[in-house]
Each structure stands twice: as C-alpha cells, then as structure tokens.
Amino acid sequence: MKIANIIKVPPHTINVNDTIDKALSLINSLNINGLPVIDDTKKLVGMIVKADIYRFMIAPGHYDSCPVEWVMSKSVIVAQSDEDILTVAKRLRENNILAMPVINKDDVIGIISTEDLLDYFITQ
Numbered sequence: 002m003k004i005a006n007i008i009k010v011p012p013h014t015i016n017v018n019d020t021i022d023k024a025l026s027l028i029n030s031l032n033i034n035g036l037p038v039i040d041d042t043k044k045l046v047g048m049i050v051k052a053d054i055y056r057f058m059i060a061p062g063h064y065d066s067c068p069v070e071w072v073m074s075k076s077v078i079v080a081q082s083d084e085d086i087l088t089v090a091k092r093l094r095e096n097n098i099l100a101m102p103v104i105n106k107d108d109v110i111g112i113i114s115t116e117d118l119l120d121y122f123i124t125q
C-alpha cells in the first residue's frame, strides 16, 4: 500500500517567518510533535519539533518573538506520496524520528507519524 492512502491531510504547516511561540501554540493545540515549515511559496524549507523548541527555550531571552527559522531543522527527511508504507516505516525508524512530511513533487500533501503506521498495521 502507498503512504498517500494513510497520511493525515490536509497537513498542518507553519511559515518560516512565524514566531516560535506561534509554532509551540499550534503544536500543543493540535496535540502533535512537530510541523513542516514552508516559505511564502508553500515550498518545504524545514521541520520544527517540540524538542527543538524546548532546547532553544533553555537559554534566557524572548523566544516567543524569534522566527521559526532560528529553531527548525533545515535538512528534512521526507516521504514521497507514492512510496510503500514499509519503506517509509523503515525510514522513520532508521532516522529515529516520530513524523515526517509527505510530498508530491515539491508540495507538502500530508504528514506521516509512527502513530499512523501503528494504526494501519493494527487494523491489518
């Protein structure tokens, strides 16, 4: 089965120029671990996760007004929408990550998490 069949859509994303405070609020309100970061053309430019935000917040300062770009990972591991579920599951595990954006060409079309994969395998 292709990963596009089980991804969460539409994807929740955040703009590279949004504040870290906005990112953390969105992550907490959606009860998720992270968000794909996009630029003004909706191109994927990074990924931001709670752990990165919390590490950044340890240092004193006004984290709430800093842009997401200061904290996000710029090297993003992604899944292509036409990839097999097992291939994507292995990539999550090999990279020790909980979720990754799913793209079709350059467009973020969803996000896949370990929970999504577990739910899929439990129902099979």
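Take any residue in the sequence shown, count from 1 to its spot, add 1: that is its number in the working numbering.
We treat Cβ as the ideally placed atom computed from N, Cα and C, and that holds for glycine.
Computed from a predicted structure; not experimentally measured.
Burial check for Met73: the Cβ neighbour count within 10 Å reaches 16 or more, so the residue is buried. Each of Leu119, Met101, Ile123, Ile59 was checked against the Cα of Val38, and the nearest Cα belongs to Met101. In the DSSP annotation of this structure, Ile98 is not part of any alpha helix (DSSP H), being labelled neither H nor E. By the 16-neighbour rule on beta-carbons within 10 angstroms, Gly111 is buried. Secondary structure note for Ser30: its alpha helix (DSSP H) is the uninterrupted segment 21 to 31. Every unbroken stretch of the beta strand (DSSP E) spanning 3 or more residues and falling wholly within the stretch 32 to 84 is given here in chain order: 35 to 39, 45 to 50.
Counting of Cβ neighbours within 10 angstroms places Val10 among the exposed residues, the total staying below 16. The DSSP-derived three-state label of Asn18 is coil. In terms of Cα proximity to Asp108, the closest of Asn6, Ile7, Thr14, Lys3 is Thr14. Assignment of Asp120 by DSSP, reduced to helix, strand and coil, places it in the helix class. Comparing alpha carbon positions, the residue from Thr115, Val89, Asn97 closest to Lys3 is Val89. In this structure, the straight-line span from the alpha carbon of Gly35 to that of Leu45 is close to 14 Å.
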